[in-house]
Every structure is written in structure tokens, then in C-alpha cells.
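Colleague: Below is one structure. I have some questions about it.
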Amino acid sequence: MQVMRAENYGASAERAGEPEWSTVNAVTGLSTDYLNHFNEAIMLFGLAPDVPECLDDLQHWAPVSYEAHFARSGLKERFHAIEAYRECATGRRQMFDLTIAELSAILIDGIARLRPEMEAGEHIKASMYAGEAIARARELVDQAAGIVNGHGSYRDDPEETPEDDPQALADKLFD
23 MQVMRAENYG
33 ASAERAGEPE
43 WSTVNAVTGL
53 STDYLNHFNE
63 AIMLFGLAPD
73 VPECLDDLQH
83 WAPVSYEAHF
93 ARSGLKERFH
103 AIEAYRECAT
113 GRRQMFDLTI
123 AELSAILIDG
133 IARLRPEMEA
143 GEHIKASMYA
153 GEAIARAREL
163 VDQAAGIVNG
173 HGSYRDDPEE
183 TPEDDPQALA
193 DKLFD
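Numbering of the sequence shown is given in our numbering, commencing with residue 23 and proceeding in unit increments.
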């Protein structure tokens, strides 16, 4: 695993330790606050098969970009979070965005599959669909949180092997 240092993320990461940057990870320049949007949908998936009123709330859920999430949030750090995201290392941001795109697709597909089953009274199938969506979505939220917290594996420069990445060093020995 490559551990990126704050200086790799530009000025915003250097400021990430300051109080107004409290939602931004000092190493990655990303914030887990964004993942709350997806956790809300996961919670609604868990409730919908037993509490049909939650299905309407789930139907109104839609993916939102990282920047849009913070722009419309009431957080005082919202502009700092957006700036840090823009300055985040390209490889990390791409990996994060791809994970979020997959997470969004899983949730949208799950919502589309859940409603017809609920309306048809197929609560067992609805519970099964919800369970599948929840399981995969939680995996992706965990993966995204790992990226935010600096645990994701990526390289901006694939030729660069970090000193603290044993797997990459071992792979290089056998190339």
C-alpha cells in the first residue's frame, strides 16, 4: 500500500490539519462526510421491505457528485472540502470516483428492482434484492472510506514503487 504524504496533495492538504479543515483527511485531501449520502440510501434499503413508506424516500434518492454534495451542504468547511478534492492526487481521485460510480449504479439498480417487487406484494423477493444491494453497497462504501483514509492502493506513476509497499516490491522482483 502506498502511503501518500501531505505534500503530494498541494496546499489544501497542508491546511487539512487546521480547524476549518476538520472534515478533510490531512493525507488524502478527501472527506468521509460525502459517504453519508450513500449511507442514507443503504439505511432506507434496510427499512423499505418492512416499512413501505421508506420506499418513497428511497425513490427520491439520487447520486450526487462530491463537489455538489459539499456545495449544497451547510458545512462551514464545504468550500475547503471542494478545494481539497480538486487538489487531490489524480490517481486517488480517479479511484475514488470510480468506486462512487459503481456504488451509485448498485443503488440505482437496487431501487429500480425493489419497487416492482414491493408493489406486487413480493416481500421476500424485495428483501432479497434489498439485502443484495445493501451488501454490495456497504463493501463499496468501505472501499471508498479506505481511499479517503489513505488505505486504498493506487499509483499516479505506475513505474514508481513506494518503499513501504511490500507487495509492489515483491512483484518488481519477479518482473
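Each residue gets a CB set at the ideal place from its N, CA and C atoms; glycine is no exception.
#1: Can you give me the C-alpha to C-alpha distance between Thr45 and Arg114, rounded to a whole angstrom?
#2: Can Ala123 and Leu136 be called in contact, C-beta distance under 8 Å?
#3: Check Asp72 in the structure and name its three-state DSSP category.
#4: Between the Cα of His102 and the Cα atoms of Ala157, Asp55 and Leu77, which residue gives the shortest distance?
#5: Could you check what DSSP says for Asn47 in three-state terms: helix, strand or coil?
#6: Suppose contacts are defined by Cβ-Cβ distances below 8 Å. Is Ala63 in contact with Leu80 by that definition?
#7: Roughly how far, in whole angstroms, is the beta-carbon of Leu77 from the beta-carbon of Met150, given that I think they are within contact range, below 8 Å?
#8: Taking only three categories from DSSP, how would you classify Val86?
#9: Where does Asp186 land, buried or exposed, given buried means 16+ other C-beta within 10 angstroms?
#10: Consult DSSP for Ser149 and reduce its assignment to one of helix, strand or coil.
#11: Could you spell out where the alpha helix (DSSP H) holding Leu136 opens and where it closes?
#12: Just the C-alpha distance for Glu109 and Ala48, rounded to the nearest angstrom, thanks.
#13: Could you check which residue in Ser87, Pro71, Glu99 and Thr112 has the C-alpha nearest to that of Ile156?
#14: Tell me the residue span of the alpha helix (DSSP H) that contains Glu105.
#15: Alpha carbon to alpha carbon, how far is Gln165 from Leu120? Give it in angstroms, no decimals.
#16: Just the C-alpha distance for Gly172 and Tyr88, rounded to the nearest angstrom, thanks.
#17: Secondary structure at His59, three-state DSSP: helix, strand or coil?
Modeller: Working from what's here:
#1: Their Cα atoms are separated by approximately 17 Å.
#2: no
#3: coil
#4: That would be Asp55, whose Cα lies nearest to the Cα of His102.
#5: coil
#6: Pairing Ala63 with Leu80 gives a Cβ-Cβ distance under 8 Å.
#7: Met150 and Leu77 do not touch by the CB rule: their CB atoms are close to 15 Å apart, not below 8 Å.
#8: When secondary structure is reduced to three states using DSSP, Val86 falls in the coil class, being assigned neither helix nor strand.
#9: Here Asp186 scores only 45 on pLDDT, less than 50, and its place in the model is too uncertain to base an answer on.
#10: Three-state result, Ser149: helix.
#11: Thr112 to Glu141
#12: 12 Å
#13: Pro71
#14: Arg100 to Glu109
#15: 11 Å
#16: Here the alpha carbons of Tyr88 and Gly172 stand approximately 17 Å from one another.
#17: helix
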